[in-house]
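Position in the sequence shown counted from 1, then plus 255, gives you our numbering.
Using N, Cα and C, we set each Cβ at its ideal position, and we do this for glycine too.
This structure is a prediction, so every number in the text was calculated from the model and none was measured.
The structure under discussion appears below in the form of structure tokens.
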Amino acid sequence: MLTAFVHISAEPARIAELGAELAEIPGVSEVYSVTGGMEDLVAIVRVRHHDELAEVVTGHIARARGVRTTRTDVAFKVYSRHDLDSMFDVGND
256 MLTAFVHISA
266 EPARIAELGA
276 ELAEIPGVSE
286 VYSVTGGMED
296 LVAIVRVRHH
306 DELAEVVTGH
316 IARARGVRTT
326 RTDVAFKVYS
336 RHDLDSMFDV
346 GND
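Put into structure tokens, the structure is as follows:
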């Protein structure tokens, strides 16, 4: 599974609607409104292959009405507690 964080700068009047619209795109698992940087929204994208990531980001997110710019960070490894716990639970049924 490939996970990416898409940082989105949006037109202010479209932020709330845009977040909801982006959350409906296949491959987008979550969308957050954020503050503190130049971005207004961050979309979490989870797909199987890089070509799918390209389609979600450039074919859907970047073309959505109200999106000004995007910047995509691809995750290498996850360190969340949930994922670490599930690794140690294998075969302990």
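For residue i, the first and last residue of its enclosing alpha helix (DSSP H)
{"i": "Glu307", "result": "305 to 309"}
{"i": "Ala271", "result": "270 to 278"}
Whole-angstrom C-beta distance between residue j and residue i, which should lie under 8 Å
{"i": "Leu257", "j": "Val329", "result": "7 Å"}
{"i": "Thr327", "j": "Val261", "result": "5 Å"}
{"i": "Glu276", "j": "Ala319", "result": "6 Å"}
{"i": "Val300", "j": "Val289", "result": "Not quite, the Cβ-Cβ distance comes to about 15 Å (not below 8 Å), so this is no contact."}
{"i": "Leu296", "j": "Ile270", "result": "7 Å"}
Burial state of residue i, where buried means 16 or more other Cβ atoms lie within 10 Å
{"i": "Gly321", "result": "buried"}
{"i": "Glu285", "result": "exposed"}
{"i": "His304", "result": "exposed"}
{"i": "Asp306", "result": "exposed"}
{"i": "Val302", "result": "buried"}
{"i": "Ala266", "result": "This sequence places Glu at residue 266; Ala is not what is there. Exposed, because fewer than 16 other Cβ atoms sit within 10 Å of the Cβ of Glu266."}
{"i": "Ala298", "result": "buried"}
Residue range of the unbroken beta strand (DSSP E) whose run includes residue i
{"i": "Ile263", "result": "257 to 265"}
{"i": "Arg318", "result": "From DSSP, Arg318 is part of no beta strand (DSSP E); its letter is neither H nor E."}
{"i": "Glu285", "result": "283 to 288"}
{"i": "Val300", "result": "296 to 302"}
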